[in-house]
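Heads up: the sequence shown begins at 1 in UniProt numbering, then just goes up one per residue. Note that beta-carbon positions come from the ideal geometry of N, C-alpha and C, so glycine has one too.
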Amino acid sequence: MNYNSRNREIKIIELNCKSIMGKIQEIQKLINSRRPDIICLCETWLTVNDREPRINGYCTVWKHRFGRGGGLGIIIESSLQYEPLNIRLFPNGKWEILAIKINLGNSKEWICILNVYNPNQNVTKEEMKYYMDQLGNKFIIMGDFNAHTPVLDNTYHNYRNAAGKALEDLLIEENIILINPINFITYIDYRTGRPSCLDVCLTSPNIAAQTSLSRVEDVGSDHSPIIATVKLKPVRCIKRTYKRWKTKGINWRKWKTDIPDTNITQPNEIESLNDDLVERLNLAAKSNIKLSSGTVKVSKSTPWWNSECSKRVALRRKAKKRCELHPTPENIAILRKRTAEAKYIIQKSKKESWREYINSLKMDTPIGEVWRKIKSIKSQYVPPNLNLKINGTFVETNKEKANLIGKYFQETGKLSGLIYQNDMDIVVEHNSQFRRELDEYNCEITLGEIQENIRTLKDTSPGIDNIPNSFLKHMPLNILKEVRDMFNTSWFSGMLPTIWKTGIIIPILKPGKEQSDIASYRPITLLSCIGKLMEKIICKRLEYFVENNRMLGKYQCGFRKGLSTIDVLLRLQNRIRQTIDKKEYCIVVYLDLKGAYDRIWHKGLLYKLANMGIRGNMFRWLQNYLSQRKIMVRVGDTLSDQFDIGTGVCQGAVLSPLLFNIMLADIPVEHEVDIYCYADDLTFSTSSKDIVTCTRVMQRYIERLVKWLEGWGLVVSQEKSSMQVFTSKRKNQNAIIRVKKQVIPCKKEQRLLGLILDAPNLTYKAHVNYLTDDIRKRLAIMKVLSSISWGASKKVLRNFYIAYVRSKMDYASVIYNSAARTILEKLDKLQNVALRLMLGAWKTSPILSMEVEAFIAPLSNRRQMLTAKKYLKLMNSPCDNVTAEMIGITNILNTTNNNPTKSFSSEAKTIMTTIQFKVKKRNNIEQMKYLPPWKSLSNYVKLDMPDRVGVRDREIFLDMCNLEYNNCDMIYTDGSKMHHPEISTTSSFYNEKTKETTNWKLHPDHSVLAAELFAIKQALSIINLYKNNTNYVIFTDSRTAASLIASPTGTYAPVVNEIQELILSLNNRKRVAVQWVKGHADIVGNTVADLSAKLAHQNNRSVMFPLMLQELISILKNKFLTYWDEDWKYKVELSNKGLFLRNLIDNIHFKNLTYHKTRRTEVTLSRLRIGHAAVKSTLHRFNLATDDLCQNCNVPETIQHLILVCDKYVVPRRQLIISLQNVGINNISLKVLLGNTNQTKNCRRFILKQLIHFLTATKTIGVL
């Protein structure tokens, strides 16, 4: 721990704020300037429903009064170690009290601080003494005593009240000291100007001589803040963090050139190679990059405070001081005036500053800046210090804290009750000694493999070597080759540098846990980024082997390609629905594993890897990876001692999720019990007509499972495990399941992977209620961002709603979509609120119109679309997909399949039939094949062209061909798509040497990207037919297509995988490359291919090429847009609501969205389009105006009358008409001005611009 050199005193401010929310701005300013340790607040006027203020760098303790007024708060500087004090209340006492104690050393010496407020009651000496006796040896009592006594103020001679008399008696009879000087004025009555001494500071005798009291600057309350300074040394920790490289905006080119050459000879030991590389990278960084200071800076800024605020506050303080000296009626009146002026100016300044801050969120604001500001608005308080306790005693130094946490994590990983297999040692030893590297996954690591993995790195915190991922991303080629050689040294020797196996643990407080309890922290491990890069390479190789050979259990869905939490929930829901349909019982058990990742048995894991067939380099590397691991805990900038870890996998390591999946891959299976596993979330279900049979089957399996888990070092937490019983029977019999003889609770509601399941009928009512509460909180942030006359733009608000609000409702909506309509309507109401905020629309605005104006589909449509999308994914998944099998995904036309009522399958099939989307058959691919990660295409697929300033693209292309492809035949491919007069998609192929062109017409629903990929595939297939040894290069102007081919990806997987296999196969006997070139760069071959593709639109026949999943989803979205459009028109006609907008636009389309830089303008345009604007006809309709007549024309004032007819606006209307006629628009109507016309995008913008000019000239834009 680092002690502050100024840590010789405790500063305590006491203030009766008389409503903290009205003074919070100036209190914040006072705290920023004085930096007190403790602030005792009286009369906060907060209630239990109010939002409690947060102060940067401070913790808070509050005590709210249930009625009006009163309330106490204590604000504590976060570096202090404190505890709230539970003070017994005096029977029928009058004081409001709140107390804490501050650690002065070793948790044996404390100073107690009692904050009191007397609500002008007759407090007795006995009550004061009762509280004083509970405070211990050293204490301070501060607060508003509301006591009048000559001891405090002798200005009024012998005037005293009951509280004053009690204080006098206390001072005479008890061992307590008054710190207040005589006539220490702390209060002025704004009605009479009479000063009083109401705020009091009392201390125990042993600290009285070390305590001084003074007043500080006024903050707008009728009480003056007082500050007590106590000459004591509290336990205080300077908040520091580790120093890291500040890589933003640096000159990477210079950094690269400054990396010294290595002096290490090759080959060498892995330790030396890694240490040398780390040293050289850090050496280059020292001369180019700054290190952070390591000090945690607390924001002190009050950006809304300006010179006018300072001026008004100074005038108020001057008036208050004058009133203290001369309380005349004139001075009292001036004080009241100055107080009101200061309050008004401060509130106005803060409001304007806030508006300016929010107004900066324009439609063209970068998305990163938008989310940074939103994050600052919704930021939550995080405890900055680890105030740990051991046996009730605070741990004081960071070193002690770090060592205790490290020791705790070391102890929790110790295993017992392990069951050794007879052949375990033999199998592990055999696989570690295996030297014949016949398996492909044991081949050497390539440069392309490293570059591909570097490309996907994120900016995470570095490990103990302080090398961030940004260094790896900017490494020059010669250093990358060194990294490749170092990785291969590690790979073939089976040895890892010690630094790669040493993790820095960052203890993270678990949500809702007590921060003083050492068990409340989750260990997040920071590892060497260089080591994690190699882990990433090994992980992909291991994952490919495991998945390709189907080594994992079908029940495992966590961290696997193509599987997610939704798969687990779909499988479980289907089982429960089947049970309810059959009127049976379904028991679902949820088991929780204690420290699952921390209790992985290394030898047991190696045994399982060996039995899977992992051997050679892979096995030896993993064996060394798991051995001799060490951790160091970081608290602030202090590291603990090193601790040896013999079990577990790091939370934060790349390999950990996969290794954990392997550990659970052979979990016991019974045909009567279904298993649902997502990482360490284990769920089991069984069903039967008889609850007794159901219970017996589940109990038998749980006993077998627990024994198996403990045999492999994993322990079930009985306290956190639970169960549910689902049935449609009215008589719901109880079931009892025990884990190690302890009954686990049977719950009505259980959260599983973010979804709340409610027994016994699975109505999802509990989950929708939870969503409703959470969405309201999210909408509160949206309300802060939006206003009618100022605020964030409609585009920002719309994106915020989609990304932050609707995304919450989207999760698992394909499952809870089966809930009753009355339950789901709760969410519809919340979306309607969001639409009004987004558009600035009136509450009377038709919901149908708001949805169209914002281009936000009804939630029911959204849920249906997501359900259909998931259904499509399952239909196109490999035929061995367990989720599709379990929930009955078959041909959509197959009506014989008996899917449960309200199940996903039955709902999805109904939806697909409704939108007339036909899916003829399931995918017949047995298993999706991917390119092995050790086979890199970087040598065969090139994504860049040389870039030379001042040289034409065609000349650059010719130079590149002469330099790199001089001995290659050149082939050009292209794809084309046209929308008029009909939709058509084509591909083409051109061989420059033979002058041969071939083109194909594809299905019209194919995308241009699919056409480009098809052309490349056809070119490769044709080359494959040639029996010559000629080298070829295929030029494509689609960078996206080339990128997909170059990297392993799931997008357009069937055709991309086929192309990748052809490239690798062809390059075994000749050179075949794919090169991206710029389009429209006057490259002859590219131009010929482009013309050929366009000519193919006239073909009479089309070739069969299956639609990709991404294209099917695009078709699905268009189908739903059409469905929404038809449904909208039908509902408008049926309800006669939203007719105004219906008459303006022909169809729902994204192009109907209109944005503008000014929030007020956007709101006005939206209201005009919806038809609910502040014109007399609308106002009168909702009783907001006495009549509906235009004051100028004496006819009903409608939107059409205002814009096109009213005589009052003849001149600006003439200018509007002339401007539109100049661009060829002669027939002017509301549909032309506000609606969806057939004009181009630029023309629509021009029309809106002229309309805005008209509204501005008529001064109606701020009124409507």
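| said: Please report the straight-line C-alpha distance between TYR990 and ASN1024, rounded to a whole angstrom. | reply: 16 Å
### Message
By the three-class DSSP mapping on this structure, what secondary structure does GLN916 have?
### Response
GLN916 falls in the coil class under three-state DSSP.
*Nearest-angstrom Cα distance between LEU167 and VAL116?*
13 Å
* To do: Taking only runs that begin and end inside the region 266–353, name each unbroken beta strand (DSSP E) of 3 or more residues, in chain order.
  => Fully enclosed beta strand (DSSP E) runs of 3 or longer: not present.
| Distance between beta carbons of ILE12 and ILE140, contact taken as under 8 Å | 7 Å
- Separation of PRO1212 from ALA1257, as counted between CA atoms: 6 Å
inquiry  = Quick check: the Cα distance between ALA735 and CYS746, rounded to an integer number of angstroms?
reply    = 8 Å
Notebook entry, point to check: Which term fits THR647, buried or exposed, when burial requires 16 or more other beta carbons within 10 angstroms of its beta carbon?
Noted result: buried
| said: Can you tell me where the beta strand (DSSP E) holding GLN724 begins and where it ends? | reply: 722–727
| field | Beta-carbon proximity of ILE508 to THR525, cut-off 7 Å | value | No, Cβ-Cβ distance for ILE508 and THR525 is not below 7 Å.
Query - Extent of the continuous beta strand (DSSP E) to which ALA1257 belongs - result: Element bounds for ALA1257: not the beta strand (DSSP E) but the alpha helix (DSSP H), 1241–1257.
Query - Whole-Å CB distance - ILE580 paired with THR727, under 8 Å assumed - result: 7 Å
Query raised in the report: Which residue's Cα is closest to the Cα of ASP637: SER293, CYS961, ILE802, HIS64?
Result: SER293
Just the Cα atoms here: how many angstroms apart are GLU992 and THR973?
Straight-line Cα distance between these residues: approximately 11 Å.
Using the Cβ count rule (16 or more neighbours within 10 Å means buried), how would you classify HIS671? exposed
Quiz prompt | Residue of THR1040, TYR930, TRP1000 minimising C-alpha distance to LEU943 | solution = THR1040
- request: Pick helix, strand or coil for ARG751, following the three-state DSSP scheme.
  value: strand
In the structure shown, what three-state DSSP assignment does SER19 receive? Of the three classes helix, strand and coil, the one that applies to SER19 here is coil, per DSSP.
Thinking C-alpha only, which one of TYR597, MET698, GLN699 is nearest SER656? TYR597
In the DSSP assignment, the alpha helix (DSSP H) including residue 1345 goes from what residue to what residue? The shown model of the chain, from 1 to 1264, leaves out residue 1345, and the question about it has no answer.
By alpha-carbon positions, which one of LYS256, GLY1262, THR1154 ends up nearest to PHE1246?
THR1154
Beta-carbon separation (whole angstroms), SER988 vs THR997, contact threshold 8 Å: Yes, they are in contact, since the Cβ atoms of SER988 and THR997 sit about 7 Å apart, within 8 Å.
Is the beta carbon of SER786 closer than 7 Å to that of ILE1170? no
Between ASP969 and the rest of its own chain, which residues show a CB-CB distance below 6 Å, the 5 nearest in sequence each way excluded? LYS993, THR1030, TYR1032
**Report entry** Whole beta strand (DSSP E) elements within the region 121–164, 3-residue minimum
**Finding:** Taken in chain order, the whole beta strand (DSSP E) runs of length 3 or more contained in the region 121–164 are 139–144.
For LEU934, does the three-state DSSP call read helix, strand or coil?
Sequence check: residue 934 is Trp here, not Leu. In the structure shown, TRP934 sits in coil (DSSP, three-state: anything other than H, G, I, E or B).
**Prompt:** Which residues bound the beta strand (DSSP E) around LEU104?
**Reply:** Where LEU104 is concerned, the enclosing beta strand (DSSP E) stretches over 96–105.
Give me the Cβ distance between PHE1105 and LEU1002, rounded to the nearest whole Å; I'm assuming they're in contact under 8 Å. 5 Å
| task | Take every Cβ of the region 266–274, pair it with every Cβ of the region 476–493, and state whether three or more of those distances are shorter than 8 Å. | result | By the Cβ criterion, the region 266–274 is in contact with the region 476–493, since at least three pairs of Cβ atoms, one from each stretch, lie closer than 8 Å.
- Message: Applying the 10 Å Cβ sphere with the 16-neighbour rule, what's the burial state of HIS223?
- Response: It is buried - the Cβ of HIS223 has at least 16 other Cβ atoms within 10 Å.
So LEU114 packs on LEU135, CB below 8 Å; how close in whole Å?
Indeed they touch by this definition, with Cβ atoms about 6 Å apart.
- Message: Check whether the region 1107–1114 and the region 1041–1054 touch, using three or more Cβ-Cβ pairs below 8 Å as the test.
- Response: As far as the Cβ criterion goes, the region 1107–1114 touches the region 1041–1054, which means the pair count is three or higher.
field: SER1102 in three-state terms, based on DSSP
entry: coil
query = Smallest Cα separation from PRO981: which of ARG338, GLN1098, TRP934?
reply = GLN1098
TYR82 versus LEU859: straight-line alpha-carbon distance, rounded
Distance between the alpha carbons of TYR82 and LEU859 is about 48 Å.
**Item:** Sequence-distant residues of the same chain with beta carbon closer than 6 Å to ASP592, five excluded per side
**Value:** SER717, LYS720, SER721
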